[in-house]
Amino acid sequence: MAFRLCHRPPLLSFASPNGGVRKQTHRQLRCSSVNQTAEPLDARKLVLEVKDKLEKEHSSLPVGKNGRDDEDMILWFLKDRKFVVEDAVTKLTKAIKWREDFGVSTLSEDSVKIIYATGKAYVHDFTDVKGRPVLVVVASKHFPEKQAAAENQKLCVFLIEKALHKFPYGLGEILVIVDLRGFRTENADIMFFKFLIDAFYYYYPKRLGQVLLVGAPFVFQPIWQLLKPLMKSYAALVRFCDAETVRSEYFQEDTMPAAFKG
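Numbers in the working numbering are just positions in the sequence shown, counted from 1, shifted up by 7.
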């Protein structure tokens, strides 16, 4: 895939989930690096340098989308590693190998249909008011003692991929909403939470925009004290709030997830 420097993209039109046509504005399409890590003037050169090193040192890695020659993917990892080439190469190599070992390219709705049918997590049909794809997790439907960890992990990765594909060119960050209403101790799963955070940190860097913990009951507080250290720098992205905050600050009335409508 060809490398794209930040520039003003053309106005795009595409089908919305309700069948209409939605205009994507220049503001919504601007590169996320505008409000993340600033790209150096020689970003193009650095991308090519990483690409060349991967070809010479890790030629066995696959090519194509999400492969060693995917310049868009290389740019994300460069931004995450503050444009240090060696660091980006190291992290990117591990991520591409992980995608192969995990079988990310083979994931489909059919491959996760049983665990998906629990309703424990889904990608919302609409973006939030900032144009971010939205991944909703319903914690009260997660039962680690009854549901296989491997299947939960597959669903997690499938939904992250699906959320990123909702944004033009795969650019942008994801808003994760964790609905904690009705949460009980049997829903707690520290190992799965660690997998989720590791996935974003190691394999989808810069893609986690914000995490909303909605309606957290008192029983969740001691669990949060165990989870917070696992998030490291991502802890700053977490916001505890109620359903009214979700309604008033993150969605318009006609784009709101049904579970949060008043």
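Backbone N, C-alpha and C fix where the C-beta goes; we use that ideal spot for every residue, glycine too.
Give me whichever residues DSSP pairs with residue i in a beta bridge.
{"i": "L215", "result": "I181"}
{"i": "R205", "result": "In the sequence on display, residue 205 carries Asp and not Arg. Answer is none; D205 lacks a bridge partner."}
{"i": "A128", "result": "V144"}
{"i": "V245", "result": "V218"}
{"i": "D186", "result": "V145, V221"}
In whole angstroms, what separates the C-alpha of residue i from that of residue j?
{"i": "A206", "j": "F165", "result": "12 Å"}
{"i": "F150", "j": "Y209", "result": "26 Å"}
{"i": "L12", "j": "C248", "result": "Note on L12: pLDDT 39, under 50, position unreliable in the model; the coordinate value appears next. When rounded, the distance between both Cα atoms is 36 Å."}
{"i": "H65", "j": "R51", "result": "21 Å"}
{"i": "V253", "j": "F267", "result": "7 Å"}
{"i": "G74", "j": "W105", "result": "11 Å"}
{"i": "T262", "j": "S112", "result": "30 Å"}
{"i": "C163", "j": "L203", "result": "7 Å"}
{"i": "V70", "j": "A128", "result": "31 Å"}
{"i": "K213", "j": "S240", "result": "12 Å"}
{"i": "D76", "j": "E62", "result": "8 Å"}
{"i": "K60", "j": "M80", "result": "15 Å"}
{"i": "E193", "j": "E152", "result": "8 Å"}
{"i": "K201", "j": "P236", "result": "10 Å"}
{"i": "D117", "j": "F258", "result": "30 Å"}
{"i": "L85", "j": "G269", "result": "42 Å"}
{"i": "A95", "j": "L215", "result": "18 Å"}
Assign residue i to one of two classes, buried (16 or more other C-beta atoms within 10 Å of its C-beta) or exposed (fewer than that).
{"i": "N25", "result": "Any reading at N25 must be qualified, since the residue scores a pLDDT of 39, below 50, and its modelled position is unreliable; no value is offered."}
{"i": "R246", "result": "exposed"}
{"i": "V91", "result": "exposed"}
{"i": "K98", "result": "buried"}
{"i": "G110", "result": "exposed"}
Whole-angstrom Cβ separation of residue i and residue j, contact assumed at under 8 Å?
{"i": "V185", "j": "A146", "result": "6 Å"}
{"i": "V130", "j": "V183", "result": "The Cβ separation is near 11 Å, so there is no contact."}
{"i": "F174", "j": "P224", "result": "Not really, about 33 Å apart at Cβ, beyond 8 Å."}
{"i": "F227", "j": "F199", "result": "So it is not a contact: roughly 15 Å between Cβ atoms."}
Give the range of the alpha helix (DSSP H) segment to which residue i is assigned.
{"i": "V119", "result": "Taken as a continuous stretch (DSSP letters only), V119 belongs to no alpha helix (DSSP H), as it is neither H nor E."}
{"i": "V57", "result": "50-64"}
{"i": "P229", "result": "227-238"}
{"i": "F84", "result": "78-87"}
{"i": "K169", "result": "156-172"}
{"i": "F109", "result": "92-109"}
Using 7 Å as the cut-off, classify the Cβ of residue i as near or not near the heavy atoms of the ligand NAP, replying yes or no.
{"i": "E93", "result": "Because no ligand of any kind appears in the structure shown, any question about the ligand NAP cannot be addressed here."}
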